[in-house]
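Here's what the structure looks like:
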């Protein structure tokens, strides 16, 4: 019998929690603010779901009742992606070592 | 245009790149590269999604347009936002992730065919459960983050809002969410789906209003975690590995940060969630202490003390952020260093309104990160230092946390500022900090209070040198 795809995804999920656990503990406390802004940006990968639903409309009717929500989600997620990565970049650029 | 299997592999690559993005943050040197990995991962995920659908008609043009609109708003915010406003910004961004999750869930509910989840009115059971979880957690994240944003921005008072029966109400609502999900699965009724989302919005509000300003670092981390779980829930619905991996990463990241923040305050996670901390009831305790003598000085005294010191430790707190004193502070430190005085910075885990808040502000003011130390790294050095300059921090330096079991902050790890030969404490007045506890440090022999705005005092000290 084949494994249910759900079980497969659940395995990925659980393993990722463990990866996240160890990776985040190794983040230096001085970078906790950039950590929050970058996790913000990457969780906006939810935009792929928004794109799928936005493109599900047809050419005669680009904005139907379900694709409208997709388009709205695209805007929100795009604000987050650009804003999140850029503000992280801006912060990280400020961390400098002592000049010798 | 590209096969489902190939698509899944690309999403996996995105997921791995996101892991590397977080991994990069283990040191400032590798962090910029890490951020680049994150951007690359996002780019791959978006591009392959377009390729997999292969619909490059009118809808596609609109998608690109909306993406650019959102993107330019985001970019504008990212460039304009002052570093002191980072906590609000992050709270605001969390709310967007939450709302995006809700919208995607709604869209999947209305048009399940687009996502291969069955037909409208007959959605696959597992997908419907995942969708409900994603939508509910997303809605809680959204409204909770809005409240956190309003509190941080000062539009709403930071004082906890509590009312009788609050916890019971929350409990009833949580149970009703589970019940609603059950009936939703049984009937596929869209009205139940809308009700579920509305109630979840309410939960988010009710969850955050009782939490006081000083607990904001925990709240922000917690909402960070929620936004991750919401993304993961949607990831299961859409059967998308990138989203599942990311959701799990962000979820555990936020959870760890909440844990670190709770530990920094010696509070259990549940006591933070149940809220009410920092209310007025504790303030009255300090009344009988107001009579004790306090030594206060001016900028000349402070400058004299520091100039004759051989080592100085700076202890910044939220007050530094409010007064925007970080640049003046760095100037002061430059002068001290020119005189051969050793200067370092000590950061408490919960200093400021979000994890790592002080570090960013100091970095903004060009303070090298290898002069900035965490509590455990530097706490033993206070005993050997001549002057501790406390600027805008209060509760995190209060020796009461070690001595008085009755105190609400008892057991909280604190910076051992009182062990320094002299303590300079910049503060506007003798008022207690957010925990509502009087600070014993004010009345110590070796403490000199500098009553002034943090920035102004620091500037005056520079002039007095």
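Residue numbers (the numbering used here), protein chains in the order written: chain A, 174 to 273; chain B, 573 to 1037. For glycine and all other residues, C-beta sits at the position ideal for the given N, C-alpha and C.
Beta carbon proximity, residue i to chain B, threshold 7 Å
i                     : result
residue 184 (chain A) : no
residue 253 (chain A) : yes
residue 175 (chain A) : no
residue 180 (chain A) : no
residue 195 (chain A) : no
residue 288 (chain A) : With chain A running from 174 to 273 in the structure shown, residue 288 (chain A) is simply not present.
residue 256 (chain A) : yes
Where the alpha helix (DSSP H) containing residue i begins and where it ends
i                      : result
residue 962 (chain B)  : Residue 962 (chain B) -> not in any alpha helix (DSSP H); beta strand (DSSP E) instead, spanning 959 to 963.
residue 619 (chain B)  : 600 to 625
residue 236 (chain A)  : No alpha helix (DSSP H) contains residue 236 (chain A), which DSSP labels as neither H nor E.
residue 1026 (chain B) : 1026 to 1036
residue 1043 (chain B) : For residue 1043 (chain B) there is no data in the structure shown, the boundaries of chain B being 573 and 1037.
residue 996 (chain B)  : It is not in any alpha helix (DSSP H) - residue 996 (chain B) instead sits in the beta strand (DSSP E) that spans 994 to 999.
residue 659 (chain B)  : 658 to 682
residue 916 (chain B)  : Element bounds for residue 916 (chain B): not the alpha helix (DSSP H) but the beta strand (DSSP E), 914 to 919.
residue 213 (chain A)  : 205 to 216
residue 789 (chain B)  : 788 to 810
residue 769 (chain B)  : 762 to 780
residue 908 (chain B)  : 898 to 910
residue 974 (chain B)  : 972 to 975
residue 784 (chain B)  : Per DSSP, residue 784 (chain B) belongs to no alpha helix (DSSP H) and is neither H nor E.
residue 219 (chain A)  : Unbroken run through residue 219 (chain A): none, as it is neither H nor E.
residue 182 (chain A)  : 178 to 198
Start and end residues, beta strand (DSSP E) containing residue i
i                      : result
residue 1017 (chain B) : Run containing residue 1017 (chain B): none; DSSP gives neither H nor E here.
residue 946 (chain B)  : 944 to 946
residue 888 (chain B)  : 883 to 888
Coil, strand or helix - residue i by DSSP
i                      : result
residue 850 (chain B)  : Residue confidence for residue 850 (chain B) is low, a pLDDT of 46 falling below 50, so the modelled location carries little weight and cannot support an answer.
residue 694 (chain B)  : strand
residue 939 (chain B)  : coil
residue 989 (chain B)  : helix
residue 1009 (chain B) : coil
residue 226 (chain A)  : helix
residue 575 (chain B)  : coil
residue 871 (chain B)  : helix
residue 981 (chain B)  : coil
residue 953 (chain B)  : helix
residue 966 (chain B)  : coil
residue 928 (chain B)  : coil
residue 202 (chain A)  : helix
residue 923 (chain B)  : coil
residue 175 (chain A)  : coil
residue 259 (chain A)  : helix
residue 866 (chain B)  : coil
Short CB-CB distance (under 7 Å) between residue i and chain A
i                     : result
residue 814 (chain B) : yes
residue 821 (chain B) : yes
residue 575 (chain B) : no
residue 642 (chain B) : yes
residue 894 (chain B) : no
residue 839 (chain B) : no
residue 906 (chain B) : no
residue 739 (chain B) : no
residue 799 (chain B) : yes
residue 668 (chain B) : yes
residue 578 (chain B) : no
residue 752 (chain B) : no
residue 647 (chain B) : yes
residue 617 (chain B) : yes
residue 884 (chain B) : no
residue 927 (chain B) : yes
residue 715 (chain B) : no
residue 724 (chain B) : no
residue 940 (chain B) : yes
residue 936 (chain B) : yes
*asked:* Just to confirm the assignment: which complete alpha helix (DSSP H) runs, minimum length 4, are found wholly within the segment 700 to 754 of chain B?
replied: Complete alpha helix (DSSP H) runs here, min 4: none at all.
*Any contact of the segment 782 to 798 of chain B with the segment 818 to 835 of chain B, i.e. 3+ C-beta pairs under 8 Å?*
Judged by pairs of C-beta atoms under 8 Å, the segment 782 to 798 of chain B touches the segment 818 to 835 of chain B, as three or more such pairs exist.
*Report yes or no: do the segment 824 to 839 of chain B and the segment 740 to 749 of chain B share at least 3 C-beta pairs separated by less than 8 Å?*
Taking a cut-off of 8 Å on C-beta distances, the segment 824 to 839 of chain B does not touch the segment 740 to 749 of chain B, as fewer than three cross pairs fall below it.
*Is there contact between the segment 234 to 242 of chain A and the segment 610 to 618 of chain B, where contact requires at least three CB pairs shorter than 8 Å?*
Contact fails: fewer than three Cβ-Cβ distances are below 8 Å.
*Are the segment 629 to 636 of chain B and the segment 667 to 674 of chain B touching by the rule of at least three beta carbon pairs closer than 8 Å?*
With the cut-off at 8 Å, the segment 629 to 636 of chain B and the segment 667 to 674 of chain B do not touch.
_Residue ranges of each beta strand (DSSP E) within the segment 816 to 849 of chain B, 3 or longer_ = For the segment 816 to 849 of chain B, there is no continuous beta strand (DSSP E) assignment of 3+ residues that stays within its boundaries.
*Touching or not, the segment 992 to 1007 of chain B and the segment 911 to 929 of chain B, by the rule of three or more beta carbon pairs under 8 Å?*
Contact between the segment 992 to 1007 of chain B and the segment 911 to 929 of chain B is absent, because fewer than three Cβ pairs lie under 8 Å.
_Sufficient close CB pairs (3 or more, under 8 Å) joining the segment 727 to 742 of chain B to the segment 699 to 716 of chain B_ = With a cut-off of 8 Å, the segment 699 to 716 of chain B and the segment 727 to 742 of chain B do not count as touching, because too few Cβ pairs lie within range.
*Just checking, does the segment 183 to 190 of chain A make contact with the segment 198 to 211 of chain A on the three C-beta pairs under 8 Å criterion?*
Pairwise C-beta distances place the segment 183 to 190 of chain A out of contact with the segment 198 to 211 of chain A, as fewer than three of them are shorter than 8 Å.
_Quick check: the segment 899 to 913 of chain B against the segment 866 to 873 of chain B, are at least 3 beta-carbon pairs closer than 8 Å?_
The count of Cβ pairs closer than 8 Å, one atom from the segment 866 to 873 of chain B and one from the segment 899 to 913 of chain B, stays below three, leaving the stretches out of contact.
*asked:* Check whether the segment 767 to 782 of chain B and the segment 802 to 815 of chain B touch, using three or more Cβ-Cβ pairs below 8 Å as the test.
replied: Flag = no, the segment 767 to 782 of chain B and the segment 802 to 815 of chain B do not touch.
*Do the segment 602 to 609 of chain B and the segment 636 to 644 of chain B meet, that is, are 3 or more Cβ pairs less than 8 Å apart?*
Short answer: they don't touch.
*Please determine if the segment 747 to 759 of chain B and the segment 692 to 708 of chain B are in contact, where contact requires at least 3 C-beta pairs separated by less than 8 Å.*
They touch, by the three-pair rule.
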